[in-house]
Amino acid sequence: MNTTSSPVLSMEGVSLSFGAKRVLDGLTFTVQRGECFGFLGPSGAGKTTTIKLLTRQLTADTGRIFLFGRPIEHTSSSDYDRIGILSDTSALYDRLSIEENLRLYAKIRGRGERAIPALLERVGLADDRVTLVKACSKGMRQRAALLAALVHAPELVFLDEPTSGLDPAARAEVHRMLRELKRAGTTVFITTHDMAEAESICDRLAILNEGHIIALGSPAPLTMEHARNRIVVATRTHGTVELTKDARAADAMRDLLASGEVVSIHSDEPDLEEVFLELTGREL
Ligand SMILES: Nc1ncnc2c1ncn2[C@@H]1O[C@H](COP(=O)(O)OP(=O)(O)OP(=O)(O)O)[C@@H](O)[C@H]1O
Ligand SMILES: [Mg+2]
6 MNTTSSPVLS MEGVSLSFGA KRVLDGLTFT VQRGECFGFL GPSGAGKTTT
56 IKLLTRQLTA DTGRIFLFGR PIEHTSSSDY DRIGILSDTS ALYDRLSIEE
106 NLRLYAKIRG RGERAIPALL ERVGLADDRV TLVKACSKGM RQRAALLAAL
156 VHAPELVFLD EPTSGLDPAA RAEVHRMLRE LKRAGTTVFI TTHDMAEAES
206 ICDRLAILNE GHIIALGSPA PLTMEHARNR IVVATRTHGT VELTKDARAA
256 DAMRDLLASG EVVSIHSDEP DLEEVFLELT GREL
């Protein structure tokens, strides 16, 4: 990972309300250069709203936000050129082809068109480059929108659910692309509902619930810290026995084994999905 100690962005005690409803409450986190930072949380947790704050589409009620080492209110249009955004409402022109859209985005961003064929190739859209966006499937649109966010080679990208609605092959292509971005030193801020995706791609992540960050860290330690640690033993005549992986389980387990009651022993391998459900008490 190509990180240095300089944060690309950070929030300190950021809160935001819509009317009487507090949507974000005291968010504090830092994203380092070159890091892939995952922002996870149930629907309505405030993920998209956080991206809107970080891209100045909204202003916080309280707290401080820093982007490229400066307070966000002091950032300029040249800082905007260093950022790419894939929002949850894609902004492609329906009446233009995929390629025409990318050319337009390159022009808006003051870039040439040379990178476009390679970008199209990378997400499997080269053969569909002249297809009008209105005739694209959801997955094609999503990949085209991702390319539109990357056409000016930004150093920081905000990706709001970049793989939602994609089939497994297209999803894998996007993952490959994200890994390439990481190798190139691009900082990625990504929201997703896919815990396996977050576990495999993100260097660090935050879990947001009802506007609060309830867990923050690297996927593996965070999973270990919050895992349930269960052993489930199926017995012949006493049904299922649940034990916690600790010293107290040793006696119970020995007795069960000695009695010849044990049919199967299942140990929960902690994963991020389980931790997410445990912490948020909600479905993905
Ligand atoms: N412009 C707005 N006016 C009023 N309430 C809003 C507005 N935008 C978002 N909200 C509310 O803020 C909360 C957080 O919404 P947000 O879109 O950030 O959630 P999310 O985590 O991105 O959810 P999802 O996973 O479904 O995309 C929700 O309760 C939503 O209804
Ligand atoms: Mg959202």
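The sequence shown begins at 6 in the working numbering and counts up by one. Positions of the beta carbon are idealized from the N, C-alpha and C atoms, including for glycine.
- It is roughly 6 angstroms from the alpha-carbon of T67 to the alpha-carbon of V19.
- Unbroken beta strand (DSSP E) stretches of 3 residues or longer found wholly inside the region 180–240: 192–197, 209–214, 217–222, 235–240, given in chain order.
- Non-local beta-carbon contacts of T240 in its own chain, meaning distances under 7 angstroms to residues more than five positions away in sequence, involve V246, L261, E266, V267, V268 in chain order.
- Proximity of the beta carbon of F194 to ligand 1 is not indicated: no heavy atom of the ligand is located closer than 8 angstroms.
- In this structure, the straight-line span from the alpha carbon of Y85 to that of T55 is close to 17 angstroms.
- Assignment of G144 by DSSP, reduced to helix, strand and coil, places it in the helix class.
- With a cut-off of 8 angstroms, the C-beta of E215 is classified as distant from ligand 2, since no heavy atom of the ligand falls inside that distance.
- Put simply, of N106, L210, I113 the residue whose alpha carbon is nearest the alpha carbon of P122 is N106.
- Per DSSP, T64 lies in no beta strand (DSSP E) segment and is marked neither H nor E.
- The three-state secondary structure of R27, taken from DSSP, is strand.
- Between L14 and V36 the beta-carbon gap is near 5 angstroms, inside 8 angstroms, which marks them as a contact.
- If you compare the alpha carbons of L284, S11, T60, K52 with that of S82, the shortest gap goes to T60.
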